[in-house]
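*Asks:* Would you mind keeping the following structure in view while I ask a few things?
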Amino acid sequence: MDITNALKITKKRIDNYKNKKRLKKYYLEEMNKGKSYVAIILDGIMLRLIIAFGFFLYFYVKTDDYLFSFAVSVQFFIILNLLLYQINTIKFNRVIKKTNEIVAKEEILKDLLNKTPYEFIEYCYNVLDNIGLEDLKMLHQRDIDMIGNFKGKSIGIKCLQYEDDYKVTIKDVKEFFLSLKKMDIESGAIITTSTFTEDTKDFLPKLQDHIRIYLFDKDSFVELIKKTELYPKEREIEKVIINRMRDRNKKIREYRKNLLSKGKSSKYIFLSAIIYFFGKFTNYQKYYSIASYFLLILGLASIIKNIVIFLKPEVEKNEDSFI
329 MDITNALKIT KKRIDNYKNK KRLKKYYLEE MNKGKSYVAI ILDGIMLRLI
379 IAFGFFLYFY VKTDDYLFSF AVSVQFFIIL NLLLYQINTI KFNRVIKKTN
429 EIVAKEEILK DLLNKTPYEF IEYCYNVLDN IGLEDLKMLH QRDIDMIGNF
479 KGKSIGIKCL QYEDDYKVTI KDVKEFFLSL KKMDIESGAI ITTSTFTEDT
529 KDFLPKLQDH IRIYLFDKDS FVELIKKTEL YPKEREIEKV IINRMRDRNK
579 KIREYRKNLL SKGKSSKYIF LSAIIYFFGK FTNYQKYYSI ASYFLLILGL
629 ASIIKNIVIF LKPEVEKNED SFI
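In my numbering, the protein residues as written are 329 to 651.
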């Protein structure tokens, strides 16, 4: 039993370590605008070595002393690494915060659009209740979904669950305004998972003398959610990122598998021969030859891979019969 528990603990620690590496890789790629993790590491090493070597050459030319130049360059290399580490740590922490906010926003909006209309209104109710609106009540009327009190005044709320490409228009605001007037409500708020048209924003000041209406588009609504306990925890956001990376890696594996699939080998070799043949009649024979050789390599790799896959079950079968 102790061995089983020890194995579980070890596996958990290994998984946690792998997840931390995945997260670091994701954040670094975000910080370097999509550049691959390996490229980031190599660029960092090369930059440091080039700068250190530049200092070595500078001091060697000035002093003509190899050992002195080497010693100064090593010290500079250490100081440079410490300085870059501090700078990159600050940048990295900023990227983590920004990336987590983007991921959280994407997940919140995706979740809101997947809710039923009633679930969406109920979620909005919970958000407004969390930020301190008083006496909230569901109405479920055509133009007003709930009412409450805000800063001592009655407020009506309309929740519009729209896709991003469908914006809230002046017509929506006018209908909401008329409903507020009809019910003698002093102020209003429209919450949407989309945005408002520019003419709607321009039209809003004309209503302020009668009823104050607050507009919450998808960005400002997420900012409201941030102030509540409904906003995703850091652990939840990290889990989403890890799942995204797993999905991405799965797609890459499927692409590689498809690239060297059984039906592709003959096509690669045939295309290779065609390109090589027609390349002889152009002024760019060298480039055609390179493309031809590349396709030939893919074709041969596909054949070898499929032979290995074909023979593998036979080997396992023979091993089983021997046992």
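Yeah, the Cβ is synthetic: ideal placement off N, Cα and C, and Gly gets one too.
1) Quick check on DSSP: helix, strand or coil for T525?
2) Excluding the 5 residues preceding and the 5 following I368 in the sequence, name in chain order all residues of the same chain whose CB lies nearer than 6 Å to its CB.
3) Identify the continuous alpha helix (DSSP H) that holds G317 and give its terminal residues.
4) Quick check: what's the CA-CA separation for V643 versus A629?
5) Quick check: what's the CA-CA separation for K438 versus S548?
6) Enumerate in chain order the residues of its own chain whose CB-to-CB distance from I631 is below 8 Å, with the five nearest sequence positions on each side excluded.
7) In angstroms, rounded to a whole number, what distance separates the CA positions of V402 and Q414?
8) What is the rounded straight-line gap between the Cα of F650 and the Cα of V636?
9) Unbroken alpha helix (DSSP H) runs of length 4 or more, entirely within the stretch 536–606: which are they?
10) Could you pull out every residue in the same chain whose Cβ sits closer than 6 Å to the Cβ of L543, ignoring the five residues on either side in sequence?
11) Pull up the distance between the alpha-carbon of Y388 and that of F396, whole angstroms please.
12) Under a three-way DSSP split, which group does L467 fall into?
13) Please report the straight-line C-alpha distance between T556 and L385, rounded to a whole angstrom.
14) Relative to the C-alpha of E447, which residue among L488, T417 and N458 is closest?
15) Distance check for T521 and D343, CA to CA, integer angstroms please.
16) Helix, strand or coil, according to DSSP, for F478 in the structure here?
17) On the three-state DSSP scale, how would you describe C487?
18) For the candidate residues K567, L624, I625 and L599, whose alpha-carbon lies nearest to that of R350?
19) Can you look up E642 in the DSSP assignment and give me helix, strand or coil?
20) Taking contact to mean 3 or more Cβ pairs, one atom from each stretch, closer than 8 Å, check whether the stretch 499–507 and the stretch 469–476 are in contact.
21) In this structure, how does DSSP classify T520 when only helix, strand and coil are distinguished?
22) Going straight from the alpha carbon of Y394 to that of I418, what length do you get?
*Replies:* So, to answer that:
1) In the sequence shown, residue 525 corresponds to position 197, counting from 1. DSSP places T525 in the coil class of the three-state scheme, outside both helix and strand.
2) Looking up residue 368 in the sequence shown gives position 40. Answer for I368: L356 and N360, listed in chain order.
3) Nothing in the structure corresponds to residue 317, since the chain is present only between 329 and 651.
4) Counting from one through the sequence shown, the residue named residue 643 turns up at place 315. Counting from one through the sequence shown, the residue named residue 629 turns up at place 301. Note on V643: pLDDT 41, under 50, position unreliable in the model; the coordinate value appears next. Taking the straight line from one Cα to the other gives about 21 Å.
5) Locating residue 438 in the sequence shown gives position 110, counting from the first residue. Locating residue 548 in the sequence shown gives position 220, counting from the first residue. A straight line joining the alpha-carbon of K438 with that of S548 spans about 16 Å.
6) For the purposes of this step, residue 631 is taken as the residue at position 303 of the sequence shown. Result list for I631: S593, in chain order.
7) Taking the sequence shown and counting its residues from 1, the one referred to as residue 402 is at position 74. Taking the sequence shown and counting its residues from 1, the one referred to as residue 414 is at position 86. Near 19 Å, if we compare the C-alpha coordinates of Q414 and V402.
8) In the sequence shown, residue 650 corresponds to position 322, counting from 1. In the sequence shown, residue 636 corresponds to position 308, counting from 1. Because the pLDDT at F650 is just 31, under 50, the model does not fix this residue reliably, and the value given afterwards should be weighed accordingly. For F650 and V636, the gap between their C-alpha atoms comes out near 21 Å.
9) The alpha helix (DSSP H) runs of length 4 or more contained entirely in the stretch 536–606 are, from start to end of the chain, 546–554 and 562–587.
10) Within the sequence shown, numbered from 1, the residue matching residue 543 stands at position 215. Counting only residues of its own chain and dropping the five nearest sequence neighbours on each side, L543 has a CB closer than 6 Å to the CB of I518 and F524.
11) Looking up residue 388 in the sequence shown gives position 60. Looking up residue 396 in the sequence shown gives position 68. C-alpha separation (whole angstroms): 8 Å.
12) Translated into positions along the sequence shown, residue 467 becomes position 139. It is coil, neither helix nor strand.
13) Taking the first residue of the sequence shown as position 1, residue 556 is located at position 228. Taking the first residue of the sequence shown as position 1, residue 385 is located at position 57. For T556 and L385, the gap between their C-alpha atoms comes out near 58 Å.
14) For the purposes of this step, residue 447 is identified with residue 119 of the sequence shown, where counting begins at 1. If we check each option's Cα against that of E447, L488 comes out closest.
15) Taking the first residue of the sequence shown as 1, we reach residue 343 at position 15. Taking the first residue of the sequence shown as 1, we reach residue 521 at position 193. Straight-line Cα distance between these residues: approximately 36 Å.
16) In the sequence shown, counting from the first residue as 1, residue 478 sits at position 150. Note: F478 maps to strand in three-state DSSP.
17) Translated into the one-based positions of the sequence shown, residue 487 becomes position 159. Three-state DSSP puts C487 in a strand.
18) By one-based count along the sequence shown, residue 350 stands at place 22. Closest by alpha carbon: K567.
19) For the purposes of this step, residue 642 is taken as residue 314 along the sequence shown, with counting starting at 1. Low confidence applies to E642: its pLDDT is 49, below 50, so where it sits in the model is not reliable, and the reading given next is rough at best. When DSSP states are grouped into helix, strand and coil, E642 belongs to the helix group.
20) By the C-beta criterion, the stretch 499–507 is judged to be in contact with the stretch 469–476, since at least 3 inter-stretch pairs fall below 8 Å.
21) Translated into positions along the sequence shown, residue 520 becomes position 192. In the displayed model, T520 falls within a strand according to three-state DSSP.
22) What you label residue 394 is simply residue 66 of the sequence shown in a count that begins at 1. What you label residue 418 is simply residue 90 of the sequence shown in a count that begins at 1. Roughly 36 Å between the two C-alpha positions.
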